[in-house]
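Enquirer: Following this message is one structure expressed as C-alpha cells.
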Amino acid sequence: ATYGMRLILLSLVGCTASYYTSQLRPRHWCGASPRLSRMFPALLSVPRTIDAIDVDGAAGVSAMDEAALALDTLKPVRDSNGRLQPVLTLPGDTLETTKSMVWLTAASTLLVLGVIMHACVSSLATGMIPVWPLLGVAAGWIMGELFSGAFHWATDNYGSLETPVVGFACAAFQGHHLAPWTISHRTVWNNVYKIAGATMPLIMLGVWLLPPAGATFVATTLYSQLLAQEFHRWTHTPPSLLAPWQRWMQRAGIAMPLKEHLAHHRPPFDKHYCILSGSLNALLDSEPLLLWRRLEVIVYRFNGQEPKSWVDQCVKEQALSL
C-alpha cells in the first residue's frame with residue numbers, strides 16, 4: 201500500500217511536470233529555413249565525403265559536419281575557435297535549459313532507479329537473489345538498443361513535421377543530418393527532457409500492470425532512450441569537450457563510439473541506426489538479416505510509401521530483391 205501511494209505521488213509529479221514542460225514558450229528560436237522543405241531532394245547531391253574515413257576523435261566529428269555542409273543548405277558561422285555555431289531548424293526549438301527540463305529529467309531518473317530498487321528489494325525480502333530483476337535490466341538494455349534503432353530508422357525515413365504525435369521527432373532526426381553539430385551545443389537536460397516526459401507515463405503503466413521484474417525490463421528499455429540520445433550527443437561533441445569518463449564509456453562500448461555513428465552519417469543514411477551502444481548494428485545491417493531493408497519492403501508493399509533511404513538506387517534494389 202505504501203509503495204502504491206508513492207507511485208501515485210510520483211505519477212502526479214510526473215504528469216504535472218510533463219504538462220508544465222508542454223506549456224514552455226522558448227524566448228529564442230530560429231524559424232525553419234524555406235529551403236528545408238526541399239531537404240531530401242538536396243540530400244541527393246551530398247557527396248560520399250566520409251566513406252573512406254575510419255578515424256576517431258576530432259577528425260571524425262569534423263567529417264560528419266563537413267559532409268552536412270556539402271549540402272549547401274544552411275549557412276552556419278564559426279566561433280573564434282573554429283567551432284560551428286548551432287542552427288535551429290525547427291520552429292519552437294531552443295538551446296535554453298529551464299528548471300522544468302532539469303526536474304523532468306531528474307524525476308524520470310529517480311523513477312527508474314526506484315523501480316529497479318523496489319524489484320531487487322522485493323526479491324531479497326523473499327530470501328531470493330534478485331536474479332530476475334537483474335535479468336530484466338539486462339534484457340531491457342538490449343531491447344533499448346533495438347528500440348533506439350527502430351525509432352531512428354522510422355523517423356529518418358518516414359514522416360514529417362506534420363505527422364501526428366511523432367512529427368517533431370521525424371523533423372528533428374531528418375533535420376539533424378543537415379546540422380549535426382547543433383546537438384553538441386545542448387545540455388544534457390535540454391537534450392533528453394522530451395524523452396523523459398514521453399516515457400514516464402509508460403514506465404508507471406508498466407509498474408502498474410507488470411510484476412517487479414517485468415517493470416524493470418520496461419523501465420530500462422524506455423529509460424535507455426534517454427541515454428541513447430545523450431550518447432548520440434557525445435558522438436557529435438569535440439572530444440576535447442568531453443570528460444575522461446565519457447570518452448572511456450565510448451571506448452568501452454557502453455556508450456556509442458564515434459566510429460560507429462560516423463558510419464551512419466553517410467548518404468543515404470541507410471545503416472547503423474542503433475544509437476545506444478551501437479552493438480547491434482553489425483548484426484542488423486548484415487546479410488542475410490538486413491532488417492531495415494526488409495522492414496522497408498513490408499511498408500512499401502503495404503502502402504506504397506518509399507523510405508528516404510531509397511534515394512540511393514542500390515539500396516532500393518537490394519530491398520526489393522529480398
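Here the sequence shown stands for residues 201 to 522, where the numbers follow our numbering.
Idealized CB from N, CA, C, for every residue including glycine.
Keep in mind it's a predicted model, so treat the numbers as computed, not measured.
Measuring straight from C-alpha to C-alpha, what distance separates I454 and R447?
Expert: Whole-angstrom Cα-Cα distance: 10 Å.
Enquirer: Could you spell out the range, first to last residue, of the alpha helix (DSSP H) harbouring C370?
Expert: Start and end: G367 to H376.
Enquirer: Assuming T297 and W381 make a contact with CB atoms under 8 Å, what is their CB distance in whole Å?
Expert: Their Cβ separation, rounded to whole angstroms, is 18 Å, which puts T297 and W381 out of contact at 8 Å.
Enquirer: Measuring straight from C-alpha to C-alpha, what distance separates E487 and K516?
Expert: Near 15 Å, if we compare the C-alpha coordinates of K516 and E487.
Enquirer: Cβ atoms of P276 and A371: under 8 Å apart, would you say?
Expert: Contact flag unset, no.
Enquirer: If you check the beta carbons only, do I475 and A419 fall under 8 Å apart?
Expert: Going by C-beta atoms, I475 is not nearer than 8 Å to A419.
Enquirer: Along the chain, where does the alpha helix (DSSP H) containing P412 start, and where does it finish?
Expert: Counting along the chain, the alpha helix (DSSP H) containing P412 begins and ends at P412 to T435.
Enquirer: Is L476 helix, strand or coil by DSSP?
Expert: Three-state DSSP puts L476 in coil, outside helix and strand.
Enquirer: Using the C-alpha atoms, what's the distance from A369 back to F347?
Expert: Approximately 14 Å between the Cα atoms of the pair.
Enquirer: Below 8 Å CB to CB, which residues in the same chain sit around P533 once its five sequence neighbours on both sides are set aside?
Expert: The shown model of the chain, from 201 to 522, leaves out residue 533, and the question about it has no answer.
Enquirer: In this structure, does DSSP put V246 in helix, strand or coil?
Expert: Note that V246 scores 34 on pLDDT, short of 50, meaning its location in the model is unreliable; the coordinates nonetheless yield the value given after this. Coil.
Enquirer: Can you look up L284 in the DSSP assignment and give me helix, strand or coil?
Expert: Residue state, collapsed to three classes: strand.
Enquirer: In three-state terms, what does DSSP make of R494?
Expert: Note: R494 maps to helix in three-state DSSP.
Enquirer: Using beta-carbon positions only, say whether T355 and F373 come within less than 8 Å of one another.
Expert: Cβ atoms of T355 and F373: closer than 8 Å.
Enquirer: By DSSP, does R278 sit in helix, in strand, or in coil?
Expert: Strand.
Enquirer: V366: which of G282, H377 and F351 sits nearest, CA to CA?
Expert: Selected option, being the one with the closest Cα: F351.
Enquirer: Determine the closest residue to N281 out of L335, M404, P411 and L441, with distance taken between C-alpha atoms.
Expert: Answer by Cα proximity: L441.
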